[in-house]
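First the structure, in the form of structure tokens, and then the observations on it.
Protein chains: 2
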Amino acid sequence: MASQGDSKWVYSFGAGATEGRADMKNLLGGKGANLAEMANLGLPVPPGFTITTEVCTYFYANGRNYPPELKSQVETAVKRLEKAMDASFGDPANPLLVSVRSGARASMPGMMDTVLNLGLNDATAAGLAKRSGDARFAYDSYRRFIQMYSNVVLDVDHHHFEEILDNHKRDKSHNLDTDLSAEDWQAVIEDYKKAVEHELGKPFPQDVQEQLWGAVGAVFGSWMNARAITYRKLHDIPASWGTAVNVQCMVFGNMGNDCATGVAFTRNPSTGENAFYGEYLVNAQGEDVVAGIRTPQHLTIAGKLANKSDLPAMEEVMPEVFNQLNEVRLKLEKHYRDMQDIEFTVQQNKLFMLQTRNGKRTAPAALKIAVDLANEGLIDQAEAVRRIDPASLDQLLHPTLDPKADRKVIAKGLPASPGAASGKVVFTADEAETQAGQGESVILCRIETSPEDIHGMHAARGILTTRGGMTSHAAVVARGMGRACVSGAGDLRIDYKSKIMMVRGLTVKEGDILTIDGSTGEVMLGEVPTIQPELSGDFATLMGWADGIRRMKIRTNAETPLDARTARKFGAEGIGLSRTEHMFFDPDRILAVREMILAENEAGRRAALAKLEPFQKKDFVELFTIMSGLPVTIRLLDPPLHEFLPNTDAEMEEVAKATGTDLLRVNHRVVQLHEANPMLGHRGCRLGITYPEIYEMQARAIFSAAAEVCKTTGETVMPEVMIPLIGTKKELDILKAVVDRVAKEVMESTGVTFEYMVGTMIELPRAALKAGEIAESAEFFSYGTNDLTQTTFGLSRDDAGAFLPEYQRQGILEHDPFQTLDQDGVGELIAIATERGRKVRPNIKLGICGEHGGDPASISFCEKVGLDYVSCSPYRVPIARLAAAQAALAADTVKRD
Amino acid sequence: MASQGDSKWVYSFGAGATEGRADMKNLLGGKGANLAEMANLGLPVPPGFTITTEVCTYFYANGRNYPPELKSQVETAVKRLEKAMDASFGDPANPLLVSVRSGARASMPGMMDTVLNLGLNDATAAGLAKRSGDARFAYDSYRRFIQMYSNVVLDVDHHHFEEILDNHKRDKSHNLDTDLSAEDWQAVIEDYKKAVEHELGKPFPQDVQEQLWGAVGAVFGSWMNARAITYRKLHDIPASWGTAVNVQCMVFGNMGNDCATGVAFTRNPSTGENAFYGEYLVNAQGEDVVAGIRTPQHLTIAGKLANKSDLPAMEEVMPEVFNQLNEVRLKLEKHYRDMQDIEFTVQQNKLFMLQTRNGKRTAPAALKIAVDLANEGLIDQAEAVRRIDPASLDQLLHPTLDPKADRKVIAKGLPASPGAASGKVVFTADEAETQAGQGESVILCRIETSPEDIHGMHAARGILTTRGGMTSHAAVVARGMGRACVSGAGDLRIDYKSKIMMVRGLTVKEGDILTIDGSTGEVMLGEVPTIQPELSGDFATLMGWADGIRRMKIRTNAETPLDARTARKFGAEGIGLSRTEHMFFDPDRILAVREMILAENEAGRRAALAKLEPFQKKDFVELFTIMSGLPVTIRLLDPPLHEFLPNTDAEMEEVAKATGTDLLRVNHRVVQLHEANPMLGHRGCRLGITYPEIYEMQARAIFSAAAEVCKTTGETVMPEVMIPLIGTKKELDILKAVVDRVAKEVMESTGVTFEYMVGTMIELPRAALKAGEIAESAEFFSYGTNDLTQTTFGLSRDDAGAFLPEYQRQGILEHDPFQTLDQDGVGELIAIATERGRKVRPNIKLGICGEHGGDPASISFCEKVGLDYVSCSPYRVPIARLAAAQAALAADTVKRD
């Protein structure tokens, strides 16, 4: 950065004097940097200048004042524009008009404010009418400017203007805006100005300098509006980045039928298909396309046909300009080596590029584009792997609608964001958030969405709009969030007041269940069954590349055969956590478990455990068979025994009867086992210490199963017996002795020799600190980050809901520490344990099996610390595979095969 | 240690060839080392030899076998004794007799086995009769030997012998053992031998070598008997120390009326008075005195008079020997520079010393002796401070009986161990342990106690026996443990079978409440009120010396005026923890607290808090006034709000009525606030974050009180506002801002300027790890080791009772980590936090306020880490003062005034 004295706050672009570049995003914002880059590439960019993000930072650091040099730098830049355009800012005879737009480092679509047609006032509007010879265009532009400027800069609500326009249209029996004549618009303008004066107590500003600085201030101000703050929070964008302001000469898509405006993606952002994809409107300004007021037309004939549109494609209407645009598309992709999201305007058959940026895309599209770009040689495989947000894979892995299932399709809209979702109908973003907060799945149904709806869209499973196209606000945002979305389902009529939605005589009420399919645009009544996704094609290709890169192994947390099979299908390389107690709740087993708990003495417990053992053995035989030879970590009983006892009197009576125990005994035992803080109570290895017969039975079941599978399949079985909640080496020593003895007994009685390991969860701060000692006995550590987070923070996951949202709101915690590992605190304990464990036992196997094992940021931490594997739930295995590969790339510990 | 080849396993003493010294206790045991030392001092010690503790270690390390050289070394040593005594081991004409006794590094009274008169058999007994001319003595000795040897070595229960003796006495109508003639004893001996042969299937061993090695083996074997294991566990003695075996020539106190045996303390072990204190019996062997079978006589005339005894004192009966003994007493004290516990025997007017060791004493006696020895110039003040076990002060600080209270004295015994205790009557050690385990105070009532009763004596508040003197087992052990004890209350008759105790027609049943006063010997029915102890005299002197030595300050945990005053009286130098929520439960306040919790919104909460504020302010005014100028740390609200709400339907209805709230709302709020793990829930600073108005009110109450006390007393008030359960710096920043703002407001509104600090508890592992960051905002840390232990171990103090005893039994945890700080785990976190905190803020004030603040071992750790103060409950303040001084002496960080 230049020193304060000669600070450069303004960067020009276009008209042969571009000062910026694409890599100056931090300073110029994404839009400004890319406008400069396009100008450098020789593309037709209307000239303009960017006021840097440093001005924004200065603005907020200095009580919303600008740096002193700014005014003269802007004046100079405007002068350059006047010269380039041969027009003068505020000159009634030949007025220069500009747009003023925000542009932050990261794209924040619709989050901040834009003003078009700035420079118009009563005099320049008349001048523009005269000079352009198109009075209707001039006054249409002026009324747009008044409306936008008043709304954005002067904070006059747009309903004032809508009412005026509606009244005029009704008076004149006009249906469409395009029906209005120049005189109509002039009358509307008069009413607009009156409305503004009425609202503000002063007239709409006629001074173009006042207009310019008002708009610049509004853009900087919008950085701190509620919408922008929410968006940044959702997308982890620091407030300190600030926004730039782009001031650019206006070009007009609304000067007649040789004019147009459009937005496009260089490839299909829904599917990733390498086909030009976009929409345009003839004789319109940019906001008309994204606002969803007029139904946009397709760019290409292919697009038109695919979407069964009756409206002509740009390829047909203005083929030359279309070809020019298609060349720009190819040039941009080659230059940026990624799919671009572009905005353009055609003014009197001349093409102008207004924006390019990396396009948002669905997860399948991201995959396809990355794989295609790599295959096209534009990027390498590592870059393709880097390009995919691991979390986005989630969208590919969840079920889609079962094509064979009955579905009552009540309406059809655009397939705006793929995936299927069912849920209760809600009509407001607030209601969506409330209901979702109570654990409900909801479908947010809106006529159209706006940035004010972001929080509700985030909370909903799916979004349904009755207006707007594939690039409408709803569609773009839903794709970014990975929410299913059907947009523009025009047959549906929403009545917000009555909280109903009607379609052909059918009424859908708030709370009714609806299913939407964002891949087909179908809207269905009720819940429709789903099927598993296909995991081949681009997905398999990219995963293969990722597997070639990553160093860490990926295991899964699974105890049921279904989960184990799912995980293997998703590429799991073993089981990192099999929670044996999940096997205890089965109806055939819970009785024996309860008998064991209610037994008066060890003999009674052993008798009950003997009934359980065959079940447990069977479980392990299944798991070992499914995982054929891959390591399987089995955690011995962990939860406190009271979790297996009932709570109500009726249930206790039932248990008493079923187990043949005195009801008083049942009651007594329930009371006796009650705990004030079960999380910190008689559980984990503490059960093994006090009732060694339980762990003995489990060890016997594990080893008998291992012996049986070895014998029948001839494959190696690699059980890893994991002792939970170890806090001292002595606990592990005592319980390892039990496990080792049972292993020996089973080998002797079966005549089968098998390998096994005994290790421990590291899930208590004390265990992490004493990891050196514990490693003398433990052959592996598995970091149980759920409990380790609970104990390190002194925070119960079950109870944190009462205050964690407030903690996140106040910025005390950036993330929910149960979702993303607290690297500072919990992470330090993991680092300490890893270092101390390895020092004592250099080849100790280290993994993580908490929820964090499926979180990309946490996986990156695991790579940094050097763990051997992460273990996560089956559906997160592909995410973990990809995240591990990215982590290896970042840490430069790429696997060398 | 010598190498295995030429190992020396046997050390001789006495008869001019002593090889040991007092400082060889580890090798020779306490008894052996002191016998050697006495011999070196020229005192009359019967010659003997010590088989070292290394033999014990070898014995257990080698499958209970002896080192090969041992046999010949023992033979040589025996030969020396034969020469010295001019007698031969096993020679019927002139037999050498020996005693075989255990002797470990630390004294373990009565824990292990002893055999006297070894070397007697049919032939040598006859020879002894002939040579001594006293057949009665010879056969009395032989029957004693058979009884002892059979019991200790051959494991024949002593009831066999008691029955035989009782039958003989009944047949001959003898009352006392002394009534039996030589012939009587010979008949008894025949029956004894038959009984042994009947029990064992082989005759009583006549081979004296077999006798000797049998006795040696029994002593080594006794090191691992249950009594010894229990004793070691209670007294933290490692099993690895082992015991030595002392073989010593017999001298006889039972050869006639010019013979005697006795035990004595060089000063009074109950009061510490510098007066010879002891008991003896004429014509008896040592075990007769301690066994409590015959009532012993006092050594001194003063002792006789003080105890209103009719039996003549040794000073009267054998004045010359008494004077000789008194000289030995003075010589030993001067030599050992401590009060000695000695054993002696007078054989035909010749004095022999059998043992000396540092005498066990009551806490008041320990104090007086230490102060007196320092004043006498035998030790310096630091040594006096070192001499007192801080935990023993507990005995001095607890209430004694109110002399003005009515007391129904039902019996009187000996004042065997001072202090008063009330509790439920139990008659067995097991019952005492069971009831105490359930939280009951119990008085263990026994005819007499034996080493088998140790666990029950430990569990009881007080011990009452109907037999035995001031040096009986009950008395010695009770004094060591600091339990109140009344011994030899002969009017009471205990019937174990019916579980009753009778005295003059009154029947006391098991479960009745009894009070005993161990300082007067009184036994009272019911519970008698108590008064506070005096803390002047020796106590004050020693505490003064300790205060001069210690570096750390001692504060107290107190919130009531009573506690604060008590603590100041005990020398507290401030309050380290004042738990404001304790002030919330007062009946006048709980209503407002509940209104606050039930309020629908912040305004409602503020209204309720406004009612609480004057109460809180009043509390703090009182505390500040009592602590006049000393620092007072006030912890803001810590427990979860549901702790203030009722649980039962009836109570909820009451609360609804009292607060004018809908019952449904109360119900709902109770359900809403319920937590799965309250310890890890919505508490501590999390309340302050979500309901800042609570902390605001508390801060205002604190500062208004500070301003008021400043104004009225003119003294400095030093409030330290402590934010609990901090896990992140941001929490502290947010809440510190609230506190600072309120402080400013109060200073402005009152016009009083006061100093204050804002700091935090460090009670979460995360806080300890992030202490560097937190110290940027915190002016002090107080280690909340209760919660830090809970979270570091993942261990709920409320629930650990279900398995902690098993953990201690299996040696997984040496100590209850809630009583003695886990230095390895929790301690490392404290060390980390201290280092990181000091690095950022070198003058940060550091203290500890968990229960551990009153535990000497934990205090020693705090000194090592370099904390500024410890804070503990009022009654533990003197303990902490002394422990801190000892810690400073150990760490050589003695304060330089």
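Top line first, the protein sequences correspond to chains A and B.
The numbering used here applies: residue 305 is where the first sequence begins, and numbers increase by one.
The numbering used here applies: residue 305 is where the second sequence begins, and numbers increase by one.
Every residue, glycine too, gets a C-beta built ideally from N, C-alpha and C.
Predicted, not measured: the structure shown is a model, and the values here were computed from it.
Indicate the three-state DSSP secondary structure (helix, strand or coil) for Leu-891/A in the structure shown.
What you label residue 891/A is simply residue 587 of the first sequence in a count that begins at 1. In the sequence on display, residue 891/A carries Pro and not Leu. Helix, per DSSP.
Three or more C-beta pairs closer than 8 Å, one from the region 1098-1113 of chain A and one from the region 1048-1061 of chain B: is that the case here?
As far as the Cβ criterion goes, the region 1098-1113 of chain A does not touch the region 1048-1061 of chain B, which means the pair count is below three.
Compare the C-beta of His-1119/B against all C-beta atoms of chain A and say whether one is closer than 8 Å.
Position 815 of the second sequence, counted from the start, is the residue given in the question as residue 1119/B. With 8 Å as the cut-off, His-1119/B does not count as an interface residue toward chain A.
Note down, in chain order, every chain B residue with its Cβ under 7 Å from the Cβ of Gln-1094/A.
For this step, residue 1094/A is matched to residue 790 along the first sequence. Correct list: Leu-984.
Which full runs of the beta strand (DSSP E) of 3+ residues lie inside the region 1129-1158 of chain A, going along the chain?
1149-1152
What residue from Val-1174/B, Val-780/B and Ile-1006/B has the CA that sits closest to Ile-879/B's CA?
Position 575 of the second sequence, counting from 1, holds the residue named residue 879/B. Of the listed residues, the one whose Cα sits closest to Ile-879/B is Val-1174/B.
Alpha carbon to alpha carbon, what distance is there between Met-856/A and Ser-776/A?
Here residue 776/A refers to the residue found at position 472 when the first sequence is read from its first residue. Here residue 856/A refers to the residue found at position 552 when the first sequence is read from its first residue. Roughly 41 Å between the two C-alpha positions.
Nearest-angstrom Cα separation, counted from Leu-504/A out to Ala-1187/A:
The sequence position of residue 1187/A within the first sequence is 883, counting from 1. The sequence position of residue 504/A within the first sequence is 200, counting from 1. So the two alpha carbons sit approximately 54 Å from each other.
Alpha-carbon spacing of Ile-998/A relative to Val-827/B, whole angstroms:
Within the first sequence, residue 998/A is the residue found at index 694, counting from 1. Within the second sequence, residue 827/B is the residue found at index 523, counting from 1. Each residue's alpha carbon lies about 50 Å from the other.
By how many angstroms is the C-alpha of Val-746/B removed from the C-alpha of Asp-757/B?
As a first step, residue 757/B is located in the second sequence; it is residue number 453 there, counting from the start. As a first step, residue 746/B is located in the second sequence; it is residue number 442 there, counting from the start. Asp-757/B and Val-746/B: Cα-Cα distance of roughly 14 Å.
Any residues in the region 1055-1070 of chain B with a beta carbon nearer than 8 Å to a beta carbon of chain C? Which ones, in chain order?
Of the protein chains in the structure, A and B, none is chain C.
Cα separation between Thr-649/A and Ser-316/A?
By one-based count along the first sequence, residue 649/A stands at place 345. By one-based count along the first sequence, residue 316/A stands at place 12. Approximately 20 Å, taken between the alpha carbons.
Are three or more beta carbon pairs between the region 419-430 of chain B and the region 399-406 of chain B nearer than 8 Å?
yes
Below 8 Å on the Cβ atoms is my contact criterion, and I expect Val-359/A with Asn-425/A to pass it. Report the Cβ-Cβ distance as a whole number of Å.
Counted from its first residue, the first sequence places residue 359/A at position 55. Counted from its first residue, the first sequence places residue 425/A at position 121. About 26 Å separates the two Cβ atoms, so there is no contact after all.
Would Lys-664/B pass as an interface residue toward chain A - the criterion being a Cβ-Cβ separation below 8 Å?
Position 360 of the second sequence, counted from the start, is the residue given in the question as residue 664/B. No, because no Cβ of chain A sits closer than 8 Å to the Cβ of Lys-664/B.
Using CA atoms only, rank isn't needed, just tell me which of Gln-739/B, Arg-1145/B, Met-774/B and Glu-955/B is closest to Glu-1083/B.
Within the second sequence, the letter at position 779 stands for residue 1083/B. Comparing Cα-Cα distances from Glu-1083/B to each of Gln-739/B, Arg-1145/B, Met-774/B and Glu-955/B, the minimum goes to Arg-1145/B.
For the ligand MG, is there a heavy atom less than 7 Å away from the beta-carbon of Ser-721/B?
As for the ligand MG, it is missing from this structure, which has no ligand bound.
Nearest chain B C-beta to Ser-1100/A closer than 8 Å, yes or no?
The residue you call residue 1100/A lines up with position 796 of the first sequence. Yes, Ser-1100/A counts as interfacial toward chain B.
Limits of the alpha helix (DSSP H) - the one that Leu-1193/B falls within:
Position 889 of the second sequence holds residue 1193/B. Taken as a continuous stretch (DSSP letters only), the alpha helix (DSSP H) holding Leu-1193/B covers 1181-1195.
Examine the Cβ distances between the region 1154-1173 of chain A and the region 883-897 of chain A and report whether three or more of them are shorter than 8 Å.
no
Please list, in chain order, the chain B residues whose beta carbon lies closer than 8 Å to that of Ile-1038/A.
As a position in the first sequence, residue 1038/A is number 734, starting the count at 1. Gln-1114 and Ile-1116, listed in chain order.
Measure the alpha-carbon distance for Arg-990/B versus Pro-982/A and round it to whole angstroms.
Counting from 1 along the second sequence, the entry for residue 990/B is found at position 686. Counting from 1 along the first sequence, the entry for residue 982/A is found at position 678. Cα to Cα, the separation comes out at about 21 Å.
DSSP three-state call for Thr-860/B: helix, strand or coil?
For this step, residue 860/B is matched to residue 556 along the second sequence. Strand.
Chain A residues whose Cβ lies nearer than 8 Å to that of Arg-1004/B:
Here residue 1004/B is taken as the residue at index 700 of the second sequence, counted from 1. Simply none; closest approach about 22 Å.
Assigned exposure category for Asn-627/A - 16 Cβ within 10 Å defines buried:
Locating residue 627/A in the first sequence gives position 323, where the first residue counts as 1. The residue in question, Asn-627/A, is exposed, as its Cβ has fewer than 16 Cβ neighbours within 10 Å.
What does DSSP give as the partner residues of Ser-403/B in its beta bridges?
Position 99 of the second sequence, counted from the start, is the residue given in the question as residue 403/B. DSSP lists Gln-552/B as partners of Ser-403/B.
Straight-line CA distance for Pro-719/B to Cys-789/B?
Reading the second sequence from its first residue, position 415 is the one you call residue 719/B. Reading the second sequence from its first residue, position 485 is the one you call residue 789/B. Their backbone Cα atoms lie some 7 Å apart in a straight line.
Considering only residues of the region 940-1008 of chain B, which uninterrupted alpha helix (DSSP H) runs meet the minimum length of 4 residues and lie entirely inside it, listed in chain order?
953-963, 967-977 and 989-994
Along chain B, which residues have their Cβ under 9 Å away from the Cβ of Ile-993/A?
Walking along the first sequence from the start, residue 993/A turns up at place 689. Here the neighbours are Phe-1107, Glu-1110, Tyr-1111, Gln-1114 and Ile-1116.
How about Tyr-581/B and Gly-546/B: do their beta carbons lie closer than 8 Å?
Within the second sequence, residue 581/B is the residue found at index 277, counting from 1. Within the second sequence, residue 546/B is the residue found at index 242, counting from 1. No, they are not a contact pair.
Amino acids of chain A, ordered along the chain, whose beta-carbon sits closer than 7 Å to that of Arg-990/B
Residue numbering aside, residue 990/B sits at position 686 when the second sequence is read from its first letter. By Cβ distance, chain A contributes Phe-1107.
Between Ala-862/A and Ser-840/A, is the Cβ-Cβ spacing less than 8 Å?
Position 558 of the first sequence holds residue 862/A. Position 536 of the first sequence holds residue 840/A. Contact flag unset, no.
Among the candidates Asn-630/B, Gln-601/B, Thr-666/B and Met-805/B, whose CA atom is the shortest distance from the CA of Leu-347/B?
Counting from one through the second sequence, the residue named residue 347/B turns up at place 43. For the options Asn-630/B, Gln-601/B, Thr-666/B and Met-805/B, the alpha carbon positioned closest to that of Leu-347/B is the one of Asn-630/B.
Name, please, each residue of chain B whose Cβ falls closer than 7 Å to the Cβ of Leu-1029/A.
Position 725 of the first sequence, counted from the start, is the residue given in the question as residue 1029/A. Within 7 Å Cβ-Cβ: Gly-1098.
Which stretch, first to last residue, makes up the alpha helix (DSSP H) that contains Cys-1166/B?
To locate residue 1166/B, count along the second sequence from 1; it is residue 862. Looking at the DSSP string, the run of the alpha helix (DSSP H) that includes Cys-1166/B is 1160-1169.
List, in chain order, every chain B residue whose beta-carbon is nearer than 7 Å to that of Asp-1128/A.
As a first step, residue 1128/A must be located in the first sequence, where it is residue number 824. Residues of chain B passing the Cβ test: Lys-1074.
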